[in-house]
Each structure stands twice: as C-alpha cells, then as structure tokens.
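Heads up: the structure comes next, in structure tokens.
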Amino acid sequence: MSFSRDFGQGSSGFFRAFGFVFGNGMWWMFLVPILLWLLLAFGMYHLLEMATDQVGGWASGYLQIPVEADEAGWWSDVKSWLNGARETVVSWILRLAVGYVLFIANKYIVLVLLSPLLAYASERAEEIVTGRVFPFSFPQLMKDALRGALIAIRNGVLEVAISIGIWVLTLFVPILVPFSFIILFLVSAYFYGFSMFDYVFERRRMRISESVHAVNSQRGAVIANGIFFSLLMKIPLIGLMLAPVMASVGAVLATVKKEGTAVTTY
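Note that this note's numbering has the sequence shown beginning at 69, numbered continuously upward.
If you want it as structure tokens, here you go:
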C-alpha cells in the first residue's frame, strides 16, 4: 500500500512540476539540457558504429559452428545456414545492446554536466514550496553539484553493469530479449529517480549511504519519477528540454508532500 501511495505522489509531483516551473519564473532552465544533449549525441553515434563492428566480429567468430573443409551434404548446408543466421542475430543483438549501453552513458553524461542546474532547480523549488531560504553560496552549490555528479556516475556504472549482464544473458538466450527490455527499463527508472531525489536528501546533509536508505524508503515515488522521466525523454526535442528539470523539481514536490512541510500550494 505504501508503494502505491508513494508511486502516486511521485507521479503527481512530476506532472505538477511543469506548471510549477513556469509559474515561478524557472522556465529558462528548460533550454539548457537540449544544447548539451545534441552535442553529445553526435559523438555517441560514431562510438556506436565502431563498438558494434569490433564486438560483432569477435562474437560471430566465437559462436560460429565449425564446418570441415571436406564436409558435404545436407548437414553441412544446415550448419552454413545457421552460421549465417547467427551472424545476423548476433549483429542485431549487439547493435541493440551497445546502443542501449551508449544511450545510458549519454544520458548520465548529460546528468553529470547538468548537476549544477538540477541542484539549483531542486533548491529553488524547495525554497518556494516550504518557505525555507537557502542562502546562495557558490561553494555550496558546487558541492551539491559534485555530489549530484558522483551519484549520477555511481548510478550510471551500476546500471551499465546490470545492463551488460542482462544483455550477455540474452546473447546466449535470445528468447529473453522482450523480458530484458522491461527489466532494463525499470532498473533505469530507479536509478534516474535516485539521482533526482538525492538532490533533496543532500540538503538534509545525508551521507550517500543514508540517501540510499531514504530513497528505498519511498521507492514508489522514486520509480514513478524515473519512469516518467524516461518516457518523456523518448519524445524528440520536447523530452530533452523538459524531462531533467521536471524530474528534479518533481522529486522536491513529492518529498515535501510526503513530509507535510509545504507552506504554499503548488
């Protein structure tokens, strides 16, 4: 029951963030993410092509069924056909796997570079909602941004490691591909939400281990935040502009709602 209630609060916070941002003069924050994303996407495209060619050549040779030079008959033809089909299947699985891993890396690089903006957006939203004033301090903002960047790197490494493990499994058991997409999506949503909620918990002066506990105590809100972040990011241009800031502000609105510390409607 707690999970479903938290999921509802996380969903509500995310969608209310859009009006909140515009209603409080924070609209300019929507313009920054798309500029970074477009610059990085160009580089990631070329990495995808190189990685797929190199790994695909290794995997095809490793998984190839040996065919003897003097072997003939229908069994030889079957093995030759299987080798050709295997190369095609391996190529597409690897292309999906490498593309997914690079897609994760690209998103987390953006989150790392956006850490100062998202830290400020989170802090400003909490000031408006709770009335608590956080005096501006550039060193503290950089400290918060560094904490956000470290969390994003930590989560990115964990997600990539989990994703590689799942894709290696599906490489040998292709029938698991549809299920792996669902698992990977939920894993990605959790880590995205984690990054956004940690900006709030850092202001509570929680250590990372304490933040992990706090995140897991409202896992429903965290996953909801990450799910809608991920879904919105799939919309070209619009998602790039809106999702990061909405997720950061949405995490504040959900947390304040749970804590009951709001002093103004939003």
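Virtual Cβ for every residue (Gly too), placed ideally from N, Cα, C.
query, result
"Neighbourhood of residue 292 by C-beta, 6 angstroms cutoff - its chain only, sequence neighbours within 5 removed", "75, 78, 79"
"Spatial distance of residue 355 from residue 207 (CA atoms)", "Missing from the structure shown is residue 355; the chain here goes from 69 to 334 and no further."
"8 angstroms Cβ cutoff met for residue 90 and residue 288", "no"
"Nearest residue (CA-CA) to residue 263, options 328, 225, 87", "225"
"Where residue 300 falls, given that 16 or more other Cβ within 10 Å makes a residue buried", "buried"
"Residue environment, residue 199, which counts as buried when at least 16 other CB atoms sit within 10 Å", "exposed"
"Beta-carbon contacts of residue 217 that lie in its chain and below 6 angstroms, excluding the five residues immediately before and after", "180, 183"
"Ordered list of alpha helix (DSSP H) runs contained in the segment 257-325, each at least 4 residues", "276-285, 287-301"
"Length of the line joining the Cα atoms of residue 315 and residue 296", "8 angstroms"
"Residue 227 beta carbon less than 8 angstroms from that of residue 256", "yes"
"Touch test, the segment 302-309 against the segment 94-110, Cβ-Cβ under 8 angstroms, three pairs minimum", "yes"
"Segment contact flag, the segment 232-239 with the segment 277-287, C-beta cutoff 8 angstroms, min 3 pairs", "no"
"Under 8 angstroms between C-beta atoms of residue 290 and residue 258", "yes"
"Pairwise C-alpha distance: residue 260 and residue 188", "17 angstroms"
"N-terminal and C-terminal residue of the alpha helix (DSSP H) that residue 223 is part of", "206-240"
"Extent of the continuous alpha helix (DSSP H) run through residue 186", "183-198"
"Pick from 251, 252, 285, 177 that is closest to residue 265, judged by C-alpha positions", "285"
"Exposed unless 16 or more other CB atoms sit within 10 angstroms - verdict on residue 303", "exposed"
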